[in-house]
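Colleague: Quick note: to get my numbering, add 4 to the position in the sequence shown (first position is 1).
Using N, Cα and C, we set each Cβ at its ideal position, and we do this for glycine too.
Treat the numbers as computed from the prediction; the structure is a model and nothing was measured.
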Amino acid sequence: MAQKQMMIWPPFVRLSLGLALTGGFGLGGLAFAFSALGLPLAQWSSIVQVHGHLQLLGWVGLMVWGVGLHFLPRLRGRPLAHPARAQLALWLFAAGLLLRFGSQIILATGGAGAWRSIVWLIFAASGVLEFSGGGLLGWTLAQTLGGGENLRQRAGFWQVMPFLLTAGLSFGLSLGCNLVGVLVAFVGRDLVLGRLYATLAEDVALIGFLLPITLGMSVRLFPLYLRTPLALTRLLYVGLALLLVGLSCGLVGVAFGLSGLSGLGAIVQGIALLGWVWGVQIFAPRRPLPRPGLPLWRDATQWHAITAYGWLVVSALALIALGLSAFGRALLPVSADLVRHLLGSGLLTILIFGIGPKMFEGFSRRPIRHPVYCWLTLVLGNLATVLRLGPALSLSPRIASMLGALAGLAGLLAVLFFSWNLWAAIWNPRRD
């Protein structure tokens, strides 16, 4: 049982990488390449939607869950409850993602012929499986972290508990919105989820689930791996409250067509993210530690984290500009799509590339292949984010498509180098 608990994370990471290479960066870059070459691509919006879903919940979501199921029980001081249930939850959730990927692509490209009605049933089943698997994951982690003795004595866990609680509730809400959207699309035979359901599912997953869990992990890991000062916890809690207020305003605004309320929500979210950057202290002078370490300029992990949080600053400013545009104060050609890519590609992906080698070396007791691959993921990850700004900034269609295709290629190469660097850790971790 102890070995199973220690090795709970590898299948999450493997599936995360597989979805990033196929339905994530691979599908996104391929779709833009088809457009740049002038080739017809039916139902572009459906392709884009499934790409975004797999990037959020497949690439980043599965990676976060794998790390969380290994790291958080140790932070809590308790073993993972029911490892077998967590494994079942993973396969249900992953099956839902894969069925969504396959069925929506087939439907969007007009395939399946006489079997099309079966594919529609598979599409509907994908939402049910994702919701069921996600629910089991949440239940397992809640049983592990909640209750028991000495909860308040676990200072590290207590510090991040508000972020974990927010992330867990948002994860469930996002999957619920996705399920309703999938079922509504199935009944109406719509190739894309309705704007309301898609926006609710994506924004709650990104803003409510992934950002708080990322911040909570940063608070615990940055002082350890990056020698940053301890986080300003009270400022982070204020930022979390503001983020939830802003997210709620934005979602209500979308649901009822109140552009002013949506704009206010974006501004509040941007202010909250700026407060988080300050509170995490990523740009503060580093603390000296007893053990020797690399100088800042030679440490790829440091530069991953610094550039990732630099993109978070850009995301915050983009959110504020987006909010002001709702009040007729357009400062920049900013869109919600731009903000999502700044957060997803700029913050979350680059943080995974940077912190992942450190964490998985420790989890697996296997060394990375070579530090040069860390520098390659740093360059390619940031390049992918820069190139992805082209389509989001509404350049000419052909140039935007070419930049989008190159962004997908850069992201794809970064994931390949990341996977190759961690091959031994992911596929052959030490079990002793």
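Applying the 10 Å Cβ sphere with the 16-neighbour rule, what's the burial state of residue 256?
Modeller: By one-based count along the sequence shown, residue 256 stands at place 252. Burial call: exposed.
Colleague: CB residue 269 to CB residue 250, shorter than 8 Å?
Modeller: Locating residue 269 in the sequence shown gives position 265, where the first residue counts as 1. Locating residue 250 in the sequence shown gives position 246, where the first residue counts as 1. Cβ atoms of residue 269 and residue 250: closer than 8 Å.
Colleague: Return the chain-ordered list of same chain residues with a C-beta closer than 7 Å to the C-beta of residue 1, the five sequence neighbours on each side being excluded.
Modeller: Residue coverage of the chain in this structure runs from 5 to 436, which leaves residue 1 outside it and unanswerable.
Colleague: Evaluate contact between the stretch 362-372 and the stretch 397-417, counting only Cβ atoms and requiring at least three cross-stretch pairs below 8 Å.
Modeller: Flag = no, the stretch 362-372 and the stretch 397-417 do not touch.
Colleague: Just curious, the alpha helix (DSSP H) that residue 325 is in, first and last residue?
Modeller: Position 321 of the sequence shown holds residue 325. Per DSSP, residue 325 belongs to the alpha helix (DSSP H) from 304-329.
Colleague: Please report the distance separating the alpha-carbon of residue 325 from that of residue 429.
Modeller: Locating residue 325 in the sequence shown gives position 321, counting from the first residue. Locating residue 429 in the sequence shown gives position 425, counting from the first residue. Using only the alpha carbons, I get a separation of about 42 Å.
Colleague: Does the Cβ of residue 13 have 16 or more other Cβ atoms within 10 Å, making it buried, or fewer, making it exposed?
Modeller: The residue given as residue 13 occupies position 9 in the sequence shown. Looking at its Cβ environment, which holds 16 or more other Cβ atoms inside 10 Å, residue 13 is buried.
Colleague: Quick one: complete beta strand (DSSP E) runs, 3+ long, within the stretch 161-210?
Modeller: Listed in chain order, there is nothing to give.
Colleague: First and last residue of the alpha helix (DSSP H) that includes residue 406?
Modeller: If you number the sequence shown from 1, residue 406 lands on position 402. Segment 401-425, the alpha helix (DSSP H) holding residue 406.
Colleague: Out of 109, 164 and 299, state which residue places its alpha-carbon closest to the alpha-carbon of residue 48.
Modeller: By one-based count along the sequence shown, residue 48 stands at place 44. Residue 48 has its Cα closest to that of 109, out of 109, 164 and 299.
Colleague: Is DSSP giving residue 428 helix, strand or coil here?
Modeller: As a working mapping, residue 428 is identified with position 424 in the sequence shown. Looking at residue 428 - three-state DSSP - the assignment turns out to be helix.
Colleague: Compare the beta carbon distance of residue 145 and residue 79 with 8 Å and say whether it is the shorter of the two.
Modeller: Counting from one through the sequence shown, the residue named residue 145 turns up at place 141. Counting from one through the sequence shown, the residue named residue 79 turns up at place 75. Cβ atoms of residue 145 and residue 79: not closer than 8 Å.
Colleague: For residue 136, which residues from the same chain have a beta carbon less than 6 Å from its beta carbon, with the 5 sequence-adjacent residues on both sides left out?
Modeller: As a working mapping, residue 136 is identified with position 132 in the sequence shown. Excluding positions up to five away in sequence, the list reads 96.
Colleague: Going along the chain, which residues of its own chain have a beta-carbon closer than 8 Å to the beta-carbon of residue 345, five neighbours each way excluded?
Modeller: Taking the first residue of the sequence shown as position 1, residue 345 is located at position 341. So the qualifying residues of the chain are 389, 392, 393 and 396.
Colleague: Helix or strand or just coil, what does DSSP make of residue 218?
Modeller: Counting from one through the sequence shown, the residue named residue 218 turns up at place 214. Residue 218 falls in the helix class under three-state DSSP.
Colleague: Which of the three DSSP states, helix, strand or coil, is assigned to residue 67?
Modeller: Sequence index remark: in the sequence shown, residue 67 carries index 63 (1-based). Residue state, collapsed to three classes: helix.
Colleague: Which residue wins for smallest C-alpha separation from residue 216, given the options 171, 190 and 125?
Modeller: Here residue 216 is taken as the residue at index 212 of the sequence shown, counted from 1. The option with the nearest alpha carbon to residue 216 is 171.
Colleague: Mind reading off the beta-carbon distance from residue 81 to residue 158? Whole number of angstroms is fine, and I expect it under 8 Å.
Modeller: Counting from one through the sequence shown, the residue named residue 81 turns up at place 77. Counting from one through the sequence shown, the residue named residue 158 turns up at place 154. Right, the Cβ-Cβ distance comes to about 6 Å (below 8 Å), so this counts as a contact.
Colleague: Determine the DSSP secondary structure at residue 22, reduced to helix, strand or coil.
Modeller: For the purposes of this step, residue 22 is identified with residue 18 of the sequence shown, where counting begins at 1. If DSSP states are grouped into helix, strand and coil, residue 22 belongs with the helices.
Colleague: Nearest by alpha-carbon distance to residue 130: which of 183, 349 and 316 is it?
Modeller: Mapped onto the sequence shown, residue 130 falls at position 126. The shortest C-alpha separation from residue 130 is found at 183.
Colleague: Got a sec: does the ligand ZN put a non-hydrogen atom nearer than 7 Å to the Cβ of residue 84?
Modeller: With respect to the ligand ZN, the structure shown offers nothing to examine, as it has no ligands at all.
Colleague: I need the DSSP call for residue 380, collapsed to helix, strand or coil.
Modeller: Against the sequence shown, residue 380 aligns to sequence position 376. In the structure shown, residue 380 sits in a helix (DSSP, three-state: H, G or I).
Colleague: With burial defined as no fewer than 16 other Cβ atoms inside 10 Å of the residue's Cβ, what is the status of residue 279: buried or exposed?
Modeller: Position 275 of the sequence shown, counted from the start, is the residue given in the question as residue 279. With 16 or more Cβ atoms within 10 Å of its Cβ, residue 279 is classed as buried.
Colleague: Give the range of the alpha helix (DSSP H) segment to which residue 374 is assigned.
Modeller: In the sequence shown, counting from the first residue as 1, residue 374 sits at position 370. Run containing residue 374: none; DSSP gives neither H nor E here.
Colleague: Report the option in 328, 427, 410 and 211 whose CA atom is closest to the CA atom of residue 347.
Modeller: Residue 347 sits at position 343 when you count from the first residue of the sequence shown. Out of 328, 427, 410 and 211, 211 has the C-alpha closest to the C-alpha of residue 347.
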